[in-house]
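Below is one structure, written out as structure tokens, with a few remarks after it.
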Amino acid sequence: MNTIFPKVKKNALPSTESSLKVKNLIDKLYDNEVLDNDEYLFILNNITNKDTDYLFKKGNEKKQVYYGNKVYLRGLIEISNYCKMGCKYCGINYKVDTVERYRLTVDKILKCCEEGYKLGYRTFVIQAGEDSYYTDERLKGMLDQIKAKYPDTRITLSLGERSKESFKALYEAGADRYLLRHETASRRLYEHIHPSFMSFDNRRLCLDNLKEIGYQVGGGFMVGSPTQTNEDLVMDLEYLKELDPHMVGIGPYLCHSDTELAGNMSGTLTETLIMVALVRMILPKSLLPATTALGSLHAIGREKALKVGANVMMPNISPTENRDKYEIYQNKICTTDTSDQCRNCIEARIVGVGHEIDLGVGDYIDFERKEK
Ligand code: SAH
2 MNTIFPKVKK NALPSTESSL KVKNLIDKLY DNEVLDNDEY LFILNNITNK DTDYLFKKGN
62 EKKQVYYGNK VYLRGLIEIS NYCKMGCKYC GINYKVDTVE RYRLTVDKIL KCCEEGYKLG
122 YRTFVIQAGE DSYYTDERLK GMLDQIKAKY PDTRITLSLG ERSKESFKAL YEAGADRYLL
182 RHETASRRLY EHIHPSFMSF DNRRLCLDNL KEIGYQVGGG FMVGSPTQTN EDLVMDLEYL
242 KELDPHMVGI GPYLCHSDTE LAGNMSGTLT ETLIMVALVR MILPKSLLPA TTALGSLHAI
302 GREKALKVGA NVMMPNISPT ENRDKYEIYQ NKICTTDTSD QCRNCIEARI VGVGHEIDLG
362 VGDYIDFERK EK
């Protein structure tokens, strides 16, 4: 039988019977928005190409309930590739000495916002490696200036793990959302792809703190990380249901040849799409990006993600001259484009698959910001 996940266990059921069971489980997930772990595992262990068509159709159907065919745009600014962390998969971790480091001044960041605002973006995503240069004071100054100039926007930070006090100070200074992928909900896998000084528990604590403070929070994970099993992926689904984040970033692991994990296989398009569709059904109101990693893996990877449940795209508005240095993985798309080229390209891609751009701030449905 042609199953999709390579680490598949042989199942006892004949293929037609197991296919019927997969279909029934997809229907059950669609209705109940949750399954038991052994049911998720059954899907992952047995899903065939034919079943994916059905899963993808249901993922897309679930998205229609709250979002129709709307796709929200976020202007992404990669403000620094300095990083003190050692994620073994990531091409900008502190050990990698083949990448030229850069960081943007607040003035440069504001220029990117100006350009992004003109292009219609009403969310700025400010992402970086864990760079100690960005103290709370510096970030507060940046947030003040962006909020003063563009009060009708949302600011998403994605700057890695920080203390609860720091998260709180940044929220009070105007940050609205925070993206911090949990990377994997399997402690074993987390420890395999991170150095021992990084903490599985602290990553989760950060996510709990962010939620408690009042941020719209984004978790997420990589698909196809070295040694990841279907059981590990089930843990991601279970953890996400429990965390109940507002956003979930799901992308394939893409092997970077200058990292400790060089030589491993990358994740695949189909595996990643399956996880996007499942998460759409588990968290129907979530904002799910069609990730740049998917677009880098496959020419129309992002369009495919939109068709199975994704509803966010994150066009790059970083200065073109810095883009190739934010090389978390190799062969990243859009590194030679200007921001307006990205804007046009993204719109054409979205419209091309029958979706429509929504230039609003694109908050999570029913979300209300906690005030001080
Ligand atoms: N320092 C921030 C931002 C990290 S980069 C933080 O810690 O959250 C954003 C995401 O890129 C990461 O969370 C990770 O899931 C993903 N990423 C990093 N390296 C990658 C790789 N080689 N392949 C695929 N995704 C990768």
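First residue of the sequence shown: 2, per the working numbering; consecutive thereafter. For each residue, glycine too, the CB sits at the ideal point set by N, CA and C.
Item, Value
"Grab me the residues of G87's own chain with a C-beta within less than 8 Å of its C-beta, minus the 5 sequence neighbours each way, in chain order.", "N94, Y95, K96, H195, P196, F198, M199"
"With 16 other CB atoms within 10 Å as the buried threshold, where does S164 fall?", "exposed"
"Are the Cβ atoms of I329 and C91 separated by less than 8 Å?", "yes"
"Since I believe Q217 is in contact with D364 (beta carbons under 8 Å), could you give me their beta-carbon distance rounded to a whole number of angstroms?", "7 Å"
"So I214 and K169 are in contact, right, with Cβ under 8 Å, and what is the actual spacing, rounded?", "5 Å"
"Which two residues bound the contiguous alpha helix (DSSP H) that contains R188?", "188–194"
"Looking at L45: is its Cβ nearer than 8 Å to the Cβ of N317?", "no"
"Can you look up I110 in the DSSP assignment and give me helix, strand or coil?", "helix"
"Kindly provide the ranges of any beta strand (DSSP E) runs that are 3 or more residues long and lie completely inside the segment 247–288, ordered along the chain.", "248–253"
"If we require 4 or more residues per run, which alpha helix (DSSP H) segments fall completely within the segment 155–179?", "165–173"
"I need the DSSP call for S81, collapsed to helix, strand or coil.", "strand"
"Quick check: what's the CA-CA separation for R350 versus E304?", "7 Å"
"Taking Cβ positions, are T53 and T271 nearer each other than 8 Å?", "yes"
"Please look up how many angstroms separate the CB atoms of Y31 and K59, rounded, as I've assumed it's under 8 Å.", "5 Å"
"May I ask you to report which of helix, strand or coil DSSP gives E138?", "helix"
"Identify whether L30 lies in helix, strand or coil by the three-state DSSP scheme.", "helix"
"Please list the terminal residues of the continuous alpha helix (DSSP H) segment that includes A129.", "Unbroken run through A129 is the beta strand (DSSP E), 124–129; no alpha helix (DSSP H)."
"Go through its chain and collect everything with a Cβ distance to V362's Cβ below 7 Å, but skip five positions before and after it.", "R123, T124, T154, R155"
"Let me know the secondary structure DSSP gives I301 once reduced to three states.", "coil"
"Tell me whether L14 sits in a helix, a strand or coil according to DSSP, three-state version.", "coil"
"I'd like to check one pair, G252 with T228: are the Cβ atoms closer than 8 Å?", "no"
"Assign R344 to one of two classes, buried (16 or more other C-beta atoms within 10 Å of its C-beta) or exposed (fewer than that).", "buried"
"Look at Y135 and L111 and say whether their C-beta atoms are less than 8 Å apart.", "no"
"Opposite Y73 in the DSSP bridges: which residues?", "V313, D359"
"Report back the beta-carbon spacing between E131 and C84 to the nearest angstrom; my notes put them in contact at under 8 Å.", "5 Å"
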